[in-house]
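Notes to accompany the following structure.
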Amino acid sequence: MIGLEPVPAGWEPELQDFIKFLVSEGRPATTRDLRFRWVRRFARWVDMPPWQVDLGAAVAWSAAHDWAPNTRRSAHQAVKAFYSWAVLAGRVKVSPVEDLPAGKKFKAIKRPATLAEVEQARAVACERVGMMIRLASEAGLRRGEVARVHARDVVADLLGSSLIVHGKGGKDRQVPITESLAAAIKAGAAGGYLFPGADAGHLAPATVGALVSRVLPAGVSMHDLRRGFATRAYQATGDLLSVQELLGHASPETTLAYVTVAPARLRAAVMAAA
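Encoded structure:
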């Protein structure tokens, strides 16, 4: 892959076989890319052949980095997945990192982007990046879903227009959109991908994320735009299951981590209980 630093001898062919295995499992491209990059970073740090790695080396690598809890969890998952594959593929008999802690998922304070922050970003964005912002903030799309928007994905429903969103794990969903957004997608896509590029015909998700991040206010991420959409949708309807479906989550528990209850509702609850 272009732009990747080389890994020590013996790693590259094994990494390529690992990626093929992830493809055969049906893992989405975002997961494959994340694990591929984590294992490459691990390989460069331990600086030894893959089948000489032991638990001590993996622990030392993790301990040498001041990562946030969720980052550490992601790193550990990638390395553990690589060596689990190695066992299945007959490269090793037992995974040397089997006892590497999986790490607990840290529930951070939710940070939905406000409408003022959305408008601030759109004011300085070019037309293309402005559309990326709209898709995340008006339809709740992830960066990978934004990257794959195609003209044919805008469809008519019984009440107006909807967007067929190509989600994680190859799961599609239909999200109602405004006529303004539908028209903008059709005009911008011109019969093809809305954001054409070299990644299967469209821009890579990482590129979309980087472009949007450049125009967002400090402390706001592209995913916060999606959280803002989720929060506004929930505050307007109080219907968690509908918001879950719009976001493409497998469970309502995941959706709960995205929405922020309006302060006025919290205050009303306290006053009612007092």
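Sequence positions in the sequence shown follow the UniProt record's numbering and run 1 to 274.
Quick reminder that beta carbons are idealized off the backbone N, C-alpha and C, glycines included.
Here DSSP, grouped into helix, strand and coil, assigns residue 193 to strand.
When DSSP states are grouped into helix, strand and coil, residue 15 belongs to the helix group. Here residue 116 is not bridged, per DSSP, to any residue. When rounded, the separation of the alpha-carbon atoms in residue 97 and residue 146 is 36 angstroms.
Check the Cα spacing between residue 84 and each of 194, 17, 67: the tightest is with 17. Within the stretch 135-196, the complete beta strand (DSSP E) segments at least 3 residues long are 154-156, 161-166, 172-177, listed from N- to C-terminus.
Considered as a whole, the UniProt domain "Core-binding (CB)" (9-87) harbours 12-24, 29-46, 55-63 as its complete alpha helix (DSSP H) runs of no fewer than 4 residues, in chain order.
Its Cα nearest to that of residue 195, the residue 128 stands out among 25, 128, 29. Residue 202 is bridged by DSSP to 196. CA-CA distance, residue 42 to residue 79, rounds to 8 angstroms. In the structure shown, residue 249 falls within a coil segment according to DSSP collapsed to helix, strand and coil. In this structure, DSSP gives residue 4 a state outside helix and strand, which the three-state scheme calls coil.
Proximity of the stretch 133-145 to the stretch 153-169 meets the contact definition, three or more beta-carbon pairs being nearer than 8 angstroms. DSSP places residue 238 outside any alpha helix (DSSP H), giving it a letter other than H or E. Judged by pairs of C-beta atoms under 8 angstroms, the stretch 53-60 touches the stretch 88-104, as three or more such pairs exist. In the structure shown, the three-state DSSP call for residue 127 is helix. One Cα belongs to residue 190, the other to residue 265, and the distance between them is close to 44 angstroms.
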